[in-house]
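Take a look at the structure set out below.
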Amino acid sequence: MTVKQTGNITTSGHYAYGISAFTLGGALTVNHTGTIRTSGRYADGIYAEICCGGPISITQSGDITVTGNGSDAIDVNAGYGESFVTIKRGSTITGGPGSGDGIDFDGGTTNRLFNFGTITTMGENAIEGEGPGAEIVNNYGTVTGNVHLGPGANRFNNRSGGLFNTGTVAFIGDGNLLRNAGTLAPGGVGKVRTTALTGNMVQTSGGTFAVDLNLGNATTDRVNVSGTAKLDGTVKVAVQNPALLKQEFVILSADGGTTDNGLGLLASPALQAELLFPNANDVVLGIDVNFAPAGLNRNQTHIGNNLNQVLGAGVGTLGPVFGGLFNVFTLNAYADALDQLSPEIYADAEIAALYSAFDFSNSLLSCHVNGMETAAINKEGQCLWVGGKGRFVEGDDTFEDIGFDETAVQFAGGAQFALNPVWRLGLGAGYQSSTLQTNSLAESEGDQLQGGVALKYNPGALLLAGVLSGGHGWYDTTRPMDFGGFTETARADHEIDILQGRLHASYVLGDPGLYYKPMLDAAATGVTLDDVRETGAGGASLLVRGDDHTVFSISPALEVGTEWWWANGTLVRPFLRGGLTWYSEDDVTVSASFSGAPSGVAPFTIAAATDEVQADVAAGIEMIDTEDSALRIFYDGHFGDRIAVHAAGLKASVKF
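Here our numbering runs 229 ahead of the position in the sequence shown, where the first position is 1.
Now the structure itself:
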């Protein structure tokens, strides 16, 4: 007998089966595609029975939901024959309340279940075997709830990709086997449950024992095996209710003995977890919660220690952050997650602002003139000037620091006046647009206004100059976070101020055919970061404390060049320059707090490394006509252990 039906079925009333198939003998086949919904008592979704032997085959594609008390989603009675039940992928089979089961094998010599969908129940068992025969379960999908197989030679094969969310009872039968090559999760993910497993257990190398750990009440999943347990594969630990805790938990105990065949552990580094086998029967999970485990860099350690303080003070609104960190399972991924929580981008913005100050003050230091004598190489005139420059700052990604790149475009203009034959006064203003990105995907878009004044003494081959310049920048920063299921983006508008005082001295030696110009610059640069208040990321938003950094620097250099004149009198001057810069500081620090931290938790401090010494190189060419109109094209580079700066641009001036 064959029942083949397509379409949705809805029934109500006692014993109002969705599909009922009965035959006295032979073979019985039921193939249904579509949903089945019943709402009466004992109203099974599919009821199939052979009275006097013969195989039963049931294939279901689509959901079956039965809500009446005592109703089974699929009830199979194969008598003295075999049965085969196949649940297709995407189908959810739900048994009714009370004594209702998802799949109920009542009779049959051997009953085989092939599940590619989801089987559960509102009542007694997801899968039940009532006859004297054997139940062979092959789960490729999901089974959730109690399983109680019959007294035969049963086997539950949780195949690769399969998920078995055990209930309080997993009765496979004495001497029978539960073989886990998929995921075995007592109670399902997010629920702490103890499962009594009657039978033996084998977990293969591809199997996962998913353990939920509730730190708040110090409880964990556990499986008690009546027979033996042979364990390979992995224990994967998920955490609920974060708390500082050091404890050991029995997660599996086998009365017949436990064998460790290479069982591994997958847990957040913050748990500092380990698997212990203290005796012949038990598997123990030991933990010691610490968000600053060994192997982190200085900034990550400071953030982790701050999170320990937050957790000790009562979590605040940082619960989702802790949950995300507990769901990261390697040290590298954990370190990356802490980098995403870091305020380091604000320190990087200060580093980039330092170089913008030098770039702008450089533009105030030249208003060159045409002349045949050697001293003219260093001679300053009177002019109006404009210039443009592109700059790329690269901070290497190191063990201690998050890498970053800044791309900036700077425009400036000004005038220089001759106060008398040897004194010059220069004025200038500029605008800069920049984009800074870190390797943790944080990004800052900035606009900066700049201004400055220069006073120069230029009696001949000697040039002495003093420059005072400053800038004010506005920045829009986004800091995305995505780890362990925690996903938020923090945003902030903030400002940075720059003030630089600089002294310059240079002297020309040689002749126009080959000249040498030794140079010395000394500067004091103050960078001020205003308070930053991030929004948009809940408790993970940062409150960054504003502070001031003053950097002193000294830069000796030597410029080498030559000159020639075209027939129209235009001077052409190519040059090369090399030197060094020493800085008084080799890092920039930023202090911050999480907005969701409980009151009383002190802020943490991170540092972004800069360079104490950098090599400076420059090259360019300048053309000056007989009217002292000039065009200068140039490249500037600065290279240290961590920071590299490339800048290129041009500057044009006209005499007035």
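Where a beta carbon is used, it is the ideal one built from N, C-alpha and C, also for glycine.
- Annotated three-state conformation of PRO415 is coil, per DSSP.
- When C-alpha distances from GLU623 are compared across THR239, THR262, ALA838 and GLY379, the shortest belongs to ALA838.
- Going by C-alpha positions, GLY360 is about 11 Å away from HIS377.
- Inter-residue distance for GLU635 and ASP577 is about 9 Å (C-alpha atoms, whole angstroms).
- Rounded to the nearest angstrom, the gap between the Cα atoms of THR231 and ILE285 is 10 Å.
- According to the DSSP assignment, THR530 belongs to the alpha helix (DSSP H) that extends over 527 to 541.
- Shown here, LEU583 sits in a helix according to DSSP, grouped into three states.
- The beta carbon of CYS281 sits closer than 8 Å to those of LEU253, GLY254, GLY308 and TYR309, all from its chain and outside the five residues before and after it, given in chain order.
- Per DSSP, PHE555 is one residue of the alpha helix (DSSP H) stretching across 548 to 555.
- Counting along the chain, LEU809 sits inside the beta strand (DSSP E) bounded by residues 800 to 812.
- According to the DSSP assignment, TYR563 belongs to the alpha helix (DSSP H) that extends over 560 to 569.
- The residue among ASN298, LYS884, ALA876 and THR288 with its C-alpha nearest the C-alpha of ALA245 is ASN298.
- Counting the other Cβ atoms within 10 Å of the Cβ of VAL817 gives 16 or more, which makes it buried.
- Residue pairing from DSSP places GLN639 in a beta bridge opposite LYS618 and GLN661.
- Among the bridge pairs identified by DSSP, MET852 is matched with VAL801 and LEU860.
- Straight through space, the alpha carbons of ILE265 and ARG318 are spaced by roughly 16 Å.
- Across the structure, GLN843 and ILE580 are spaced so that their CA atoms are roughly 14 Å apart.
- CA-CA distance, VAL305 to ILE332, rounds to 8 Å.
- PHE589 and GLY775 have their alpha carbons spaced roughly 24 Å apart.
- Collapsing the DSSP output to three states places ILE401 in coil.
- Contact between the stretch 606 to 621 and the stretch 563 to 577 is absent: fewer than 3 CB-CB pairs across the two stretches fall below 8 Å.
- In the same chain as LYS420, and ignoring 5 residues on each side of it, the C-beta atoms closer than 7 Å to its own belong to ASP441, in chain order.
- In this structure, the alpha-carbon of GLY283 lies about 11 Å from that of PHE313.
- Between ASN429 and GLY456, the CB-CB gap stays under 8 Å.
- Per DSSP, the continuous beta strand (DSSP E) segment holding ASP777 begins and ends at 776 to 790.
- Under the three-state reduction of DSSP, THR288 is assigned to strand.
- Closest in C-alpha terms to SER268, from the list LEU500, ASP301, GLY381 and LEU879, comes ASP301.
- VAL801 has its alpha-carbon roughly 25 Å from the corresponding atom of PRO785.
- Counting C-beta atoms within 10 angstroms of its own C-beta, THR627 has fewer than 16 neighbours from the protein chains shown and is therefore classed as exposed.
- Cα atoms of ALA641 and PHE781: separation of roughly 24 Å, rounded to the nearest angstrom.
- Residue environment analysis places TRP811 among the exposed positions, since fewer than 16 neighbouring C-beta atoms fall within 10 angstroms of its C-beta.
- With contacts defined as CB atoms closer than 8 Å, ALA751 and GLU717 fail to qualify as a contacting pair.
- Sequence-distant partners of ASN375 (beyond 5 residues in either direction) whose C-beta falls short of 6 Å from its own C-beta, in its chain, are ASN354, GLY396 and VAL398.
- One Cα belongs to LEU460, the other to GLY515, and the distance between them is close to 18 Å.
- Annotated three-state conformation of ASN599 is coil, per DSSP.
- Setting aside the 5 residues that flank it on each side, GLY416 is surrounded in the same chain by ASN394, THR395, GLY396, ARG422, THR424, ASP441 and ASP450, each with a C-beta closer than 8 Å to its C-beta; the list follows chain order.
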